[in-house]
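Enquirer: Supplied in structure tokens, the structure appears directly below.
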Amino acid sequence: MPQSLENLMGALSTLEDVESSRIKLFEQFSIKVEPSIQKVVDLVDTVSRKAGINGDDWSPLVRFTFFKAWICQTSTSMTSEGSIIFEDGTCFTRKQLEFLFINPDFVDALIKFSLSLKVLSKAALEIFCTAVVLNHLHSYINKKSKAFVNIYEDFKVEITKHHESTNDKQSFFDISEKISELDALDFQYRYIRNWFRKRWTKIKISTLFFENFGIARPVSMPKNPEGVSSVAEIAEFQKIRLWEKMEYIYRISIEIIADNIHKYIGQLNKEDTIRLLKVSLIKLWISQYTPLMTESSFAIGQNGFSREQLDIMYGPDFIDAWIKFTLSLEPYEFTPDEMKSIGIIALFNPIPGLIDPEGVQRLQDREIEKFNEEITKNHKYPNDLPSTFDVLQKVSELQVLNLLHESCLDWLKKFK
Numbered sequence: 038m039p040q041s042l043e044n045l046m047g048a049l050s051t052l053e054d055v056e057s058s059r060i061k062l063f064e065q066f067s068i069k070v071e072p073s074i075q076k077v078v079d080l081v082d083t084v085s086r087k088a089g090i091n092g093d094d095w096s097p098l099v100r101f102t103f104f105k106a107w108i109c110q111t112s113t114s115m116t117s118e119g120s121i122i123f124e125d126g127t128c129f130t131r132k133q134l135e136f137l138f139i140n141p142d143f144v145d146a147l148i149k150f151s152l153s154l155k156v157l158s159k160a161a162l163e164i165f166c167t168a169v170v171l172n173h174l175h176s177y178i179n180k181k182s183k184a185f186v187n188i189y190e191d192f193k194v195e196i197t198k199h200h201e202s203t204n205d206k207q208s209f210f211d212i213s214e215k216i217s218e219l220d221a222l223d224f225q226y227r228y229i230r231n232w233f234r235k236r237w238t239k240i241k242i243s244t245l246f247f248e249n250f251g252i253a254r255p256v257s258m259p260k261n262p263e264g265v266s267s268v269a270e271i272a273e274f275q276k277i278r279l280w281e282k283m284e285y286i287y288r289i290s291i292e293i294i295a296d297n298i299h300k301y302i303g304q305l306n307k308e309d310t311i312r313l314l315k316v317s318l319i320k321l322w323i324s325q326y327t328p329l330m331t332e333s334s335f336a337i338g339q340n341g342f343s344r345e346q347l348d349i350m351y352g353p354d355f356i357d358a359w360i361k362f363t364l365s366l367e368p369y370e371f372t373p374d375e376m377k378s379i380g381i382i383a384l385f386n387p388i389p390g391l392i393d394p395e396g397v398q399r400l401q402d403r404e405i406e407k408f409n410e411e412i413t414k415n416h417k418y419p420n421d422l423p424s425t426f427d428v429l430q431k432v433s434e435l436q437v438l439n440l441l442h443e444s445c446l447d448w449l450k451k452f453k
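Numbering (the working numbering), first residue to last: 38 to 453.
The following block contains the structure:
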């Protein structure tokens, strides 16, 4: 009989704080999942090498594909009741999964997807896992490449062999459709994961799990250089070293936002597009990363910065204003997509010098209407909470944050 965690849940239910209960269960979950990590690492390594991807490039792919690959590999351990039985016999029940992942609808979709993979033979499941990883490598290889064609052909062969050997009627299994379902699950998971990412300072898990589950790790404070005693020189040294930790993921995230913004721009002329991006892109960045800011820390990528470190890099004025902005949004529990929408609305805030200000205003009006429709549909607030939310007021606050951000990073200009 599998060992159940019901006793643990009983103990947790007596804790005063649901937050600490969920964190403790997450820590237990991480211990059980950790043995699976190497399997995913090996899979990504094998697929990447076969696809001809540079070793330096595939390392982050483990983190980006881990959850999806793990779902596929652990599907054989999912019971019809919605429990996961790990290799050591430990059982996480559906009730525990719902508490852990916060959203019962997500858990329901996760269970249904896992059970749908049980029609696959072991060989077909391995090929499907490979296809999942390959699908994530679209930025490196074309879907019409030989690697993709071979995967799909091998999958068809294995499906046919499995059904012939078991005398089963051949079930319809659309590999592309299943990958799309898995992508949708992964999108929901990233939102749930933010709950844990935001609380990275309170979570005690292994370095391996930190790295591959996308939970931030604390950035160590730089050691003071030898022979430097001036307070000003030490402060500048710390600022530079901390910024080096921030700069890479900062740049990458800005590039991703810029690449994805075209679908909102529409037919806006090139000159206005460039001007809006130059003036307002950071507003969108701030809006998207606000869910990971707390009064004492900030998580970005794999790095977790303390309040002290944030003050060193940005100064307290900007950080205080950002925290105030964050706290003002917490009662609404906006999803990442809704936070992104606030940033898009801020992006289209009319500014001087536009060639087509009316066109920009129409874009902003459109995004405001879409945002209001989404929050009305997605949230059931008590006491008519949505009526208290003024999105244009938040746009104004983002403008202030934008100016503070620009001012506090003036020190970087001398290093150009």
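Yeah, the Cβ is synthetic: ideal placement off N, Cα and C, and Gly gets one too. Since this is a predicted model, take the numbers as computed values, not measurements.
Please classify Q40 as buried or exposed, where buried requires at least 16 neighbouring CB atoms within 10 angstroms.
Expert: Low confidence applies to Q40: its pLDDT is 46, below 50, so where it sits in the model is not reliable enough to give any reading.
Enquirer: For K180, collect the residues of the same chain with a Cβ closer than 6 Å to its Cβ; drop the 5 residues on either side in sequence, then sort them by chain order.
Expert: For K180, the predicted model reports a pLDDT of 49, less than 50, meaning its position is unreliable; a value from the coordinates is still stated below. So the list is empty, once near-sequence residues are dropped.
Enquirer: Locate the beta strand (DSSP E) running through F342, then write down its first and last residues.
Expert: Element bounds for F342: 340-343.
Enquirer: Count the other C-beta atoms from every protein chain shown that fall within 10 angstroms of the C-beta of A168, then say buried if there are 16 or more, exposed otherwise.
Expert: Buried is the call here.
Enquirer: Buried or exposed, going by whether 16 or more other CB atoms sit within 10 Å of the CB of M330?
Expert: Buried, by the Cβ-count rule.
Enquirer: Helix, strand or coil: which one does DSSP assign to P141?
Expert: Correct three-state label for P141: helix.
Enquirer: Just curious, the alpha helix (DSSP H) that A383 is in, first and last residue?
Expert: Where A383 is concerned, the enclosing alpha helix (DSSP H) stretches over 373-384.
Enquirer: Would you give the residue range spanned by the alpha helix (DSSP H) that T331 belongs to?
Expert: From DSSP, T331 is part of no alpha helix (DSSP H); its letter is neither H nor E.
Enquirer: My parser needs the alpha helix (DSSP H) runs of 4 or more residues fully inside the segment 109-169; what are they?
Expert: Runs found: 131-138, 141-153.
Enquirer: Tell whether a beta-carbon distance below 8 Å holds between C128 and S120.
Expert: In this structure, S120 lies closer than 8 Å to C128 by Cβ.
Enquirer: Starting from A8, follow its DSSP beta bridges and name the residues at the other end.
Expert: Only positions 38 to 453 of the chain appear in the structure, and residue 8 is not among them; the question remains open.
Enquirer: Can you check the segment 229-278 for any alpha helix (DSSP H) of at least 4 residues that lies completely inside it and give the ranges in chain order?
Expert: As far as the segment 229-278 is concerned, its whole alpha helix (DSSP H) runs of at least 4 residues are 244-250.
Enquirer: To which residues of the same chain is Q225 closer than 6 Å at the C-beta, ignoring the five residues directly before and after it?
Expert: Same-chain partners within the cutoff: F143.
Enquirer: Going by CA-CA distance only, name the one from Q346, A336, I216 that's closest to L279.
Expert: The option with the nearest alpha carbon to L279 is Q346.
Enquirer: Among the candidates K159, F233, I68, H416, whose CA atom is the shortest distance from the CA of Q454?
Expert: Residue 454 lies beyond the range of the chain shown here (38 to 453); nothing can be said about it.
Enquirer: Measuring CA to CA, which of E56, Y285, F150, N409 is closest to I139?
Expert: For I139, the nearest C-alpha among the options comes from E56.
Enquirer: Where does N68 sit, in a helix, a strand or coil, going by DSSP?
Expert: Here residue 68 is Ile; the residue named in the question, Asn, does not match the sequence. Three-state DSSP puts I68 in a helix.
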